[in-house]
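Asker: Before I ask anything, let me first share the structure, which is written out below as C-alpha cells.
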Amino acid sequence: TAIGEGGKEAYLKVGLFGESPDNPENYVHHYRLYCLDRTTGKIIWEKTAHSGVPQIARHIKSSHANSSPATDGTHVLAFFGSEGLYCYDMEGELLWKKDFGLLDAGAFDYPEIRWGFGGSPVIHDGKAVILTVLDIKTGREIWKTLRDENPTWGTPTIYTAVEKSQILVNGFKHIGAYDFDTGEEIWKMHGGGDIPVPTPFVAHDLVFITNSHGRMRPIYAVRVDAKGEISAYSASVVAADGRIYCTDEFGKIHIIKAGRTYEHLAVNDMGEICMATPALSHKTLFVRTRSALYAVGKK
Numbered sequence: 001t002a003i004g005e006g007g008k009e010a011y012l013k014v015g016l017f018g019e020s021p022d023n024p025e026n027y028v029h030h031y032r033l034y035c036l037d038r039t040t041g042k043i044i045w046e047k048t049a050h051s052g053v054p055q056i057a058r059h060i061k062s063s064h065a066n067s068s069p070a071t072d073g074t075h076v077l078a079f080f081g082s083e084g085l086y087c088y089d090m091e092g093e094l095l096w097k098k099d100f101g102l103l104d105a106g107a108f109d110y111p112e113i114r115w116g117f118g119g120s121p122v123i124h125d126g127k128a129v130i131l132t133v134l135d136i137k138t139g140r141e142i143w144k145t146l147r148d149e150n151p152t153w154g155t156p157t158i159y160t161a162v163e164k165s166q167i168l169v170n171g172f173k174h175i176g177a178y179d180f181d182t183g184e185e186i187w188k189m190h191g192g193g194d195i196p197v198p199t200p201f202v203a204h205d206l207v208f209i210t211n212s213h214g215r216m217r218p219i220y221a222v223r224v225d226a227k228g229e230i231s232a233y234s235a236s237v238v239a240a241d242g243r244i245y246c247t248d249e250f251g252k253i254h255i256i257k258a259g260r261t262y263e264h265l266a267v268n269d270m271g272e273i274c275m276a277t278p279a280l281s282h283k284t285l286f287v288r289t290r291s292a293l294y295a296v297g298k299k
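As C-alpha cells, then:
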C-alpha cells in the first residue's frame, strides 16, 4: 500500500466516466509492505520500503501501489513503479532493492496525462521478471530486451510446456514471446488495443491475448509453437501463378511461394489500412484499401 503522510485520504472516483484525469499529490507518501496472519488478519510485520513525494501522478481510479506482490515461498517482491522494486525474505528483512528510474506510464497520445504503473512482478526458476530479468537472490540483471512500445499495464506470463520457457507479453505495437533464459525474441505481432492491460493466458495450446480499449479491441489466439512475425489479418488469402498473397490489416501484402517449403518472396506496403480480400482477374491484383482501389500487374 501507499499511505499519505498525516493520514491524508486519497481522492478516489469509481464507476464509469469519460474523463481520464491524473491526480498529483505533492506530499510525502509511505510505501509499505504488510505481512498478515492468513486466518486472523493480525499484522505479523510491516516494512516501509520508501518514503517520499510520488514521482508520477496517479489516475483517480487507482493508487500509488497498484502492483501485486509476488512470492516463491522464500522471497517477496514488492514493486512501486518509479519508487522501485524491493525484495524481502519471509521474515521481512530487506535483501535488495532496484531503482528503475522514472517510469512515466501514461497515455501515449497525451503525455501530460500520467496514470501510474500497473504491471506486477513474476518469479520463476530463481528469476524475477519485471521490465527486465533479475536474479531473485541478488537483484543482479541477467538480461534486458528493449521494446519499441507505448506504456502498458499488463503483467507478463511465463509458459513452460514448450521446448523453451517463454515470457509472454501484451502490448499495442509489440505483442510477443521471449526466450526466458536469453531474452531472444520468439514471435511478435502488432495491432492490440492502444492501452493494453490484460495479462496473456494459455489454454488448449494457444496463447490468448485480449485488449479492451481504443479503435482496435481484438482477441487473438496464437499457437504456443509460433515463431517469427505474426500479422493481424481480416482479408482472406488468395493465390495465383504459384504465389500466395496474404494482406494484413495495416496494408502490407506478403507474398509466399506456393509449395511444401516456406519461402517468403516479398512484401508490398500499400501504405494504409486494408481490410478487404484482394481480387484476381486477367493477371491483375485488385486491392481495396481504406481510401483507394489499386490495380497491380504487368502493363
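Take 1 as the starting number for the sequence shown in my numbering and just add one per residue.
Glycine included, each C-beta is placed from N, C-alpha and C at the ideal position.
Using the beta-carbon count (16 or more within 10 Å), is G259 buried or exposed?
Answerer: Classification for G259: exposed.
Asker: What does V169 pair with, by DSSP beta-bridge criteria?
Answerer: Per DSSP, G176.
Asker: N26 and H59 - do their beta-carbons sit closer together than 9 Å?
Answerer: Not closer than 9 Å, so no.
Asker: Would S236 pass as a contact of G191 if the rule is Cβ separation under 9 Å?
Answerer: For S236 and G191, no; Cβs fall outside 9 Å.
Asker: Unbroken beta strand (DSSP E) runs of length 3 or more, entirely within the segment 74 to 101: which are they?
Answerer: The segment 74 to 101 contains these whole beta strand (DSSP E) runs: 75 to 79, 85 to 89 and 94 to 98.
Asker: Residue ranges of each beta strand (DSSP E) run of no fewer than 3 residues wholly in the segment 233 to 276, ordered along the chain?
Answerer: Fully enclosed beta strand (DSSP E) runs of 3 or longer: 238 to 240, 243 to 247, 252 to 257 and 264 to 269.
Asker: Could you give the first and the last residue of the continuous beta strand (DSSP E) run that contains L134?
Answerer: From DSSP, the beta strand (DSSP E) with L134 extends over T132 to D135.
Asker: Take every Cβ of the segment 175 to 187, pair it with every Cβ of the segment 147 to 167, and state whether three or more of those distances are shorter than 8 Å.
Answerer: A contact exists between the segment 175 to 187 and the segment 147 to 167.
Asker: Does DSSP put T141 in a helix, a strand or coil?
Answerer: Here the sequence assigns Glu to residue 141, which means Thr is not the residue at that position. Strand at E141.
Asker: Express the C-alpha separation of V122 and D89 in angstroms, rounding to a whole number.
Answerer: Computed Cα separation, rounded: 16 Å.
Asker: Just checking, does the segment 200 to 210 make contact with the segment 128 to 147 on the three C-beta pairs under 8 Å criterion?
Answerer: Touching, no, given that fewer than three Cβ pairs across the two stretches are closer than 8 Å.
Asker: Quick one: using the 10 Å Cβ neighbour count with 16 as the cut-off for buried, is D248 buried or exposed?
Answerer: Result: buried.
Asker: Verify whether the separation of the beta carbon atoms of L95 and G139 is less than 9 Å.
Answerer: Yes. Within cutoff.
Asker: With a threshold of 16 other CB atoms inside 10 Å of the CB of W187, please say whether the residue is buried or exposed.
Answerer: It counts as buried.
Asker: Quickly, what does DSSP pair K188 with across the bridge? List them, please.
Answerer: K188 is bridged to G176 and E229.
Asker: Could you check how far apart the C-beta atoms of K298 and K283 are, in whole angstroms? I think they sit under 8 Å.
Answerer: At roughly 7 Å, the Cβ-Cβ gap stays under 8 Å, so K298 and K283 are in contact.
Asker: Assign G7 to one of three DSSP states: helix, strand, or coil.
Answerer: Residue state, collapsed to three classes: helix.
Asker: Could you check whether G84 and K97 sit closer than 9 Å to each other, using their CB atoms as the reference points?
Answerer: Yes; because the gap between Cβ atoms is below 9 Å, this pair is in contact.
Asker: So what does E46 bridge to, in DSSP terms?
Answerer: In DSSP, E46 forms a bridge with Y34.
Asker: For E229, which residues in the same chain have their Cβ closer than 8 Å to its Cβ, ignoring the five residues on either side in sequence?
Answerer: Excluding positions up to five away in sequence, the list reads W187, K188 and M189.
Asker: DSSP three-state call for N211: helix, strand or coil?
Answerer: It is coil, neither helix nor strand.
Asker: Output the boundary residues of the beta strand (DSSP E) element that contains T284.
Answerer: Element bounds for T284: T284 to R288.
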